[in-house]
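Q: Before we start, here is the structure in question, set down as structure tokens.
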Amino acid sequence: DAGITQSPRHKVTETGTPVTLRCHQTENHRYMYWYRQDPGHGLRLIHYSYGVKDTDKGEVSDGYSVSRSKTEDFLLTLESATSSQTSVYFCAISARQNNSPLHFGNGTRLTVT
Amino acid sequence: QKEVEQNSGPLSVPEGAIASLNCTYSDRGSQSFFWYRQYSGKSPELIMSIYSNGDKEDGRFTAQLNKASQYVSLLIRDSQPSDSATYLCAVSEDSSYKLIFGSGTRLLVRP
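Protein chains in written order, with the numbering used here: chain A, 1 to 113; chain B, 114 to 224.
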């Protein structure tokens, strides 16, 4: 999967707890993304990064924060998990700004009870 | 709100037939268009990209783009049961590096 590793692959957590998901890439790509995928909604962009310490919000960013301190790592944090954040989370990377497809990691299935 | 629309399906075709998947988008400034295949429980996998009007062929797959009508389609010739998956259409947001995804069309190829 284009040198992208997501961890953990599965996580069950309780409402109100903080959760951090990690995306690690070995491709040295500048652009990294976090999407969530839910039935009936497709893939929705949470946050993205266009370089180290350069991040911006996507369409469903409420309740999430991100950090990118190194090119290879992009962290997604749920400050206080809610049941509505139960989802499958995908990290993606791309090499160039324009006309560039995304390549996805294997995903993290998060369940908030 | 910029949108990408796909029929959720399922689209059921017999083995060996042509499967035709369609996608419409709302952002007239979009420059890049992609089709991804996603098997159940797996991550999306890029199968086609197209950037200019017309057809682009790659093996059994043909992507078609019509910017004036704002639609993209994917044809799969000689469909195989292994093609059974959800196909996601993705469109760039006005030449930016963000992609907007449709919710996908589920394709079932009957043996």
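The C-beta atom is built at its ideal place from N, Cα and C for all residues, glycine as well. Being a predicted model, the structure only gives us computed values, none of them experimental.
Starting from the beta carbon of B:Y200, find every residue of chain A whose beta carbon is closer than 8 Å, and list them in chain order.
A: Listed along the chain, the chain A residues whose CB falls inside 8 Å of the CB of B:Y200 amount to none; the nearest CB is some 11 Å away.
Q: Kindly list the residues whose CB is nearer than 7 Å to the CB of A:G63, restricted to its own chain and excluding five residues on each side of it in sequence; keep chain order.
A: So the qualifying residues of the chain are L78, E79, T82, Q85.
Q: Return the chain-ordered list of same chain residues with a C-beta closer than 6 Å to the C-beta of A:R22, the five sequence neighbours on each side being excluded.
A: Cβ within range, chain order: S7, L75.
Q: Tell me whether the beta-carbon of B:Q144 lies closer than 8 Å to the beta-carbon of A:N99.
A: yes
Q: Reducing DSSP to helix, strand and coil, say where A:D62 ends up.
A: coil
Q: I'd like to know whether the C-beta of A:G3 is nearer than 8 Å to at least one C-beta of chain C.
A: No chain C is present in this structure, whose protein chains are A and B.
Q: Rounded to whole angstroms, what's the CA-CA distance from A:S61 to B:P127? Just pull it up for me.
A: 42 Å
Q: Report yes or no: is there a C-beta of chain A within less than 8 Å of the C-beta of B:P157?
A: yes
Q: Please compile the residues from chain B whose C-beta is within a distance smaller than 7 Å of the C-beta of A:V101.
A: The sequence given here places Pro at residue 101 of chain A; Val does not occur at that position. Going along chain B in sequence order, the residues near A:P101 (Cβ under 7 Å) are F147, L159, S162.
Q: Kindly list, in the order they appear in chain B, the residues whose Cβ is closer than 8 Å to that of A:N106.
A: Contact note: A:N106 reaches chain B through K155, S156, using a C-beta cutoff of 8 Å and chain order.
Q: Can you check whether the CB of B:L124 is closer than 8 Å to the CB of B:A132?
A: yes
Q: If you follow the beta strand (DSSP E) that A:H10 is part of, which residue opens it and which one closes it?
A: 10 to 13
Q: Our contact map puts A:G42 next to B:L201 with C-beta atoms below 8 Å; I'd like the distance itself, whole angstroms only.
A: 7 Å
Q: Can you tell me whether A:V12 is buried or exposed? The criterion is at least 16 other CB atoms within 10 Å of its CB, across all chains shown.
A: exposed
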